Each structure stands twice: as structure tokens, then as C-alpha cells.
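Asks: Take this structure first; my questions come after.
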Amino acid sequence: MKRLANWRLFSLFAIVALVLSGCGKPYLSTLTPAGEVADIQYDLMGLSTIIMVGVIIVVMLVFVIVFFRFRRKDDRIPKQVEGSHKLEIIWTVIPILLLLVLAVPTVSATFKLADVKTMDDKNSKAVVVNVRSHLYWWDFEYPKQKIVTSQELVVPTDEKVYFSLKSMDVKHSFWIPAVGGKLDTNTDNINKFWLEFDAEKSNEAGNLFYGKCAELCGPSHALMDFKVKAMSKDDFNAWVKDMQSVKAPEKAQTALAQQGQDIFNKSCIGCHAVTPENKMPETARIAPNLSNFGERSRVAGILDHNKEEVKNWIRNPETYKPGNTMTGKYPQMTEDQLNALAEYLMGLKVQD
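To convert a position in the sequence shown, counted from 1, into my numbering, add 349.
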């Protein structure tokens with residue numbers, strides 16, 4: 350009885366886990382597609398699920414019918430039947446037809462999603478983003494606009510956005526669950542693909558989506574997140590204009606922030622950039638660009654965006670992201686220095 354009770358408890362947990370696996374927020378769930386790519390992938394998942402469930406139902410029906418109709422009722426040996434050309438043809442043709450039903454739309458979608466010719470057209474006005482993955486953060490370069498951001502990707506809605514993916518250290522994988530993906534970022538080659546962000550679905554999600562690394566890359570893999578801000582084309586153009594208008598680092602507005610800027614210039618500037626204009630070689634991007642740090646929604650991609658969390662991160666980043674490349678790169682700071690540095694960083698904005 351005790352063993353039976355344990356099995357019942359295990360079954361209950363299995364059912365609960367199955368139900369909860371379908372839960373998710375609009376900005377983080379593949380089951381609430383928010384773009385053309387996500388819609389295509391969702392339809393393919395639905396088609397394959399219908400086929401698989403259909404096969405299971407047919408097999409179970411055949412099993413039940415055979416079990417009850419042909420079970421042994423006496424000791425007589427039943428008539429021995431060997432081979433049936435009709436049955437063999439049926440159970441060979443049906444799987445082939447099912448595979449064709451699944452293969453044709455899958456291959457068609459694969460070629461459609463791999464079409465990035467527009468991206469390589471120099472005369473194209475399409476938005477192109479060079480994604481660079483690092484341990485454990487992301488940066489996003491807009492080569493046509495000469496802008497570099499980190500940890501927050503900004504994109505226009507209702508048009509194709511093209512991505513060029515590369516890793517600066519180990520293999521990662523770029524994934525925005527609600528919009529589409531995922532695709533590996535490698536160190537030795539560049540992968541390319543496109544996504545489209547639906548305006549209506551973006552509004553429902555608060556114009557904010559979450560992106561993640563989908564390739565096990567180290568102890569902080571699960572914390573390698575980034576945020577995606579989806580906005581109208583006009584708002585995107587305004588954001589680009591604001592970012593391009595900043596040609597020099599933001600000046601500190603208060604005496605405390607000025608102290609923080611002095612500390613930043615002595616301890617942080619060697620790794621972090623504070624200008625959105627892409628003037629650095631790719632190999633020099635060893636830490637996130639902080640030009641619009643004050644406008645972000647997260648600190649280090651995972652902490653609430655406030656001065657206290659900024660200080661907590663600087664004080665001991667290893668506590669929050671084990672194995673990160675920032676740990677041990679600067680001397681320990683006093684509480685006054687942390688207050689000043691947090692004041693300066695929170696004031697780094699390009700949009701009011």
C-alpha cells in the first residue's frame with residue numbers, strides 16, 4: 350500500500366508538472382507567438398502534435414480491439430496466418446504519407462526563414478543587428494546606424510529585422526521565445542536569420558520581450574538574459590536619432606555623480622564604453638556599453654533597476670552571476686564610492 354501511495358504521489362506531481370509546463374507570460378512563452386516566425390513555428394508544432402496524437406490514438410484503438418476480440422478463449426491453437434500484402438502496403442504507405450504531410454511545410458518554412466538576401470543588399474533599408482554573445486551578456490550593434498547597445502535590444506515592429514550572430518568566447522544560442530528562434534552563436538562562423546515583431550502582440554506584452562541563451566555555456570547560463578523593446582517604426586527612428594546625437598559621454602549632473610564619473614574613469618572605462626557610437630574594434634568590446642544604462646529595466650540583466658542593486662552588483666558580481674568576467678577586475682570600493690558610482694551610472698541616459 351505504501352508503494353502504491355508513492356506511485357500515486359509521483360503521478361500527481363507528473364500531472365502538475367505537465368500542466369505548469371504550458372504556463373507562461375506573453376513576453377516569454379512560445380505558446381503565445383508574437384511575430385511571423387513564431388507563428389510559422391507554432392503552426393509546425395501544432396501540425397506535428399496533431400499527427401503524433403493521431404498515431405497514438407489509432408495504435409491504442411487497434412491494441413484495445415485486438416486485446417478483447419482476439420484474446421485466447423480456450424486451449425485450441427488458432428489458424429496460423431502468415432503475411433498480408435494488403436496490410437503491409439497500408440502500414441507502409443500511411444507513415445510515408447504522414448511524413449510527407451509534415452516534411453513539406455517544414456522544408457518550405459526552413460527555406461523561407463533562411464532567406465536573408467535582403468540583409469546583404471547594401472541598398473536595403475532593412476534594420477540589421479549584429480548580435481555578439483559574451484560570458485554572460487549580450488551586445489547589439491546596428492551597423493547602418495552606427496550604434497552599439499548592451500543587454501537591451503531595440504527593434505521596430507511589423508517589419509523584418511535581420512540578425513547576424515557571433516560569439517566572442519564560447520558557444521551560446523540566441524533565443525527570443527515569444528518571437529522566434531533559436532540559433533547558435535559560434536566563434537568560428539556567423540549565423541544569420543530574421544524575425545518580425547507583431548505590433549498588436551507587442552502592445553499586449555507591454556512592448557517588452559525577454560531573450561535568453563539557449564545553449565549551456567557555463568555556471569551562469571540560466572542568468573544570461575536580455576530584454577527586447579519593440580516599438581513602432583516612428584518611435585524606433587526617434588530612438589536612433591537620440592542615440593546618434595550623443596557624441597560624448599554623458600556629463601555628471603550633480604556633485605555626487607561627478608565623483609562617480611571620476612571613479613568610473615579610473616576603474617571602469619578600460620572595459621566599459623559610455624558612448625553609443627561604434628568607434629571600437631570588435632575585439633575591444635570586453636564589457637557592456639553603458640551609454641544608456643539609466644534607461645534600462647534591469648541591472649546585469651537579472652536585478653531590479655535601482656541604485657541599491659547597482660551597488661550590490663558592483664560590490665560582488667560573483668554572488669549574482671558565478672563565473673562572470675567582471676569579478677576581480679577592479680579594487681574593492683567604499684560605501685561612499687559605491688554611492689557616487691551608482692549615482693553616475695543611473696544618470697546615463699540618451700532619452701528623457
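Beta carbons: idealized from backbone N, C-alpha and C, even for Gly.
Since the model is a prediction, treat every value here as computed from it, not as a measurement.
Here's the rule: buried if 16 or more other CB atoms are within 10 angstroms of the residue's CB, otherwise exposed. What is A633?
Replies: For A633, the pLDDT reaches just 48, beneath the cut-off of 50, and the residue's location in the model is therefore unreliable, although a value from the coordinates is still provided. By the 10 Å Cβ count, A633 comes out exposed.
Asks: So, helix, strand or coil for P671, using DSSP?
Replies: coil
Asks: If you drop the 5 nearest sequence neighbours on each side, which residues of the same chain put their C-beta closer than 6 angstroms to that of V531?
Replies: Here residue 531 turns out to be Lys, not Val, going by the sequence shown. The answer, listed in chain order, is S522, W524, A563.
Asks: Would the beta-carbon of Q560 fall within 8 angstroms of that of V577?
Replies: As written in the sequence, residue 560 is Gly, which differs from the Gln given in the question. Against a cut-off of 8 angstroms, the Cβ pair of V577 and G560 comes out as a contact.
Asks: Are there three or more Cβ pairs, one per stretch, closer than 8 angstroms when the segment 567 to 577 is compared with the segment 495 to 512?
Replies: yes
Asks: Tell me where the alpha helix (DSSP H) around R481 begins and ends.
Replies: R481 -> not in any alpha helix (DSSP H); beta strand (DSSP E) instead, spanning 476 to 483.
Asks: Do Q686 and L612 count as a contact pair if the criterion is CB distance below 8 angstroms?
Replies: Correcting the residue type first, residue 612 is Ile in the shown sequence and not Leu. Yes, Cβ-Cβ distance for I612 and Q686 is below 8 angstroms.
Asks: For Y693, name the three-state secondary structure that DSSP assigns.
Replies: helix
Asks: Quick check: the segment 613 to 620 against the segment 479 to 490, are there 3 or more CB pairs under 8 angstroms?
Replies: no
Asks: Taking the beta carbon of S360 as the centre, do at least 16 other beta carbons fall within 10 Å, making it buried, or is it exposed?
Replies: exposed
Asks: Taking three-plus beta-carbon pairs below 8 angstroms as touching, is the segment 382 to 395 in contact with the segment 540 to 559?
Replies: Verdict: yes, contact present.
Asks: Is Y485 closer than 8 angstroms to S569 when the C-beta atoms are compared?
Replies: yes
Asks: Could you check how far apart the C-beta atoms of L697 and V589 are, in whole angstroms? I think they sit under 8 angstroms.
Replies: L697 to V589, Cβ: 18 angstroms. No contact.
Asks: Let's test the definition: count the other Cβ atoms within 10 Å of the Cβ of I539 and tell me whether it reaches 16, buried, or not, exposed.
Replies: Counting C-beta atoms within 10 angstroms of its own C-beta, I539 has fewer than 16 neighbours from the protein chains shown and is therefore classed as exposed.
Asks: Taking the Cβ atom as the reference point for each residue, do K515 and D533 lie within a distance shorter than 8 angstroms?
Replies: no
Asks: Looking only at its chain, what residues have a beta carbon closer than 6 angstroms to the beta carbon of R425, apart from the 5 residues adjacent to it on each side?
Replies: none
Asks: Are the segment 599 to 610 and the segment 687 to 694 touching by the rule of at least three beta carbon pairs closer than 8 angstroms?
Replies: yes
Asks: Terminal residues of the continuous beta strand (DSSP E) containing S516?
Replies: Taken as a continuous stretch (DSSP letters only), the beta strand (DSSP E) holding S516 covers 509 to 516.
Asks: Are the beta-carbon atoms belonging to L446 and I400 less than 8 angstroms from one another?
Replies: Result no, Cβ atoms of L446 and I400 do not sit closer than 8 angstroms.
Asks: Is it true that the CB of A458 sits closer than 8 angstroms to the CB of L358?
Replies: If you check the CB distance, L358 and A458 do not come in under 8 angstroms.
Asks: Distance check for D470 and L377, CA to CA, integer angstroms please.
Replies: Cα to Cα, L377 sits roughly 32 angstroms from D470.
Asks: Between G672 and the rest of its own chain, which residues show a CB-CB distance below 6 angstroms, the 5 nearest in sequence each way excluded?
Replies: G567, P568, S569
Asks: Taking the alpha-carbon positions, what's the I405 to L380 distance?
Replies: 23 angstroms
Asks: Terminal residues of the continuous beta strand (DSSP E) containing I445?
Replies: Premise fails: I445 lies in the alpha helix (DSSP H), 434 to 462, not in any beta strand (DSSP E).
Asks: Using a Cβ-Cβ cut-off of 8 angstroms, state whether A571 counts as contacting chain B.
Replies: Annotation note: the requested chain B is absent from the structure, which comprises a single protein chain.
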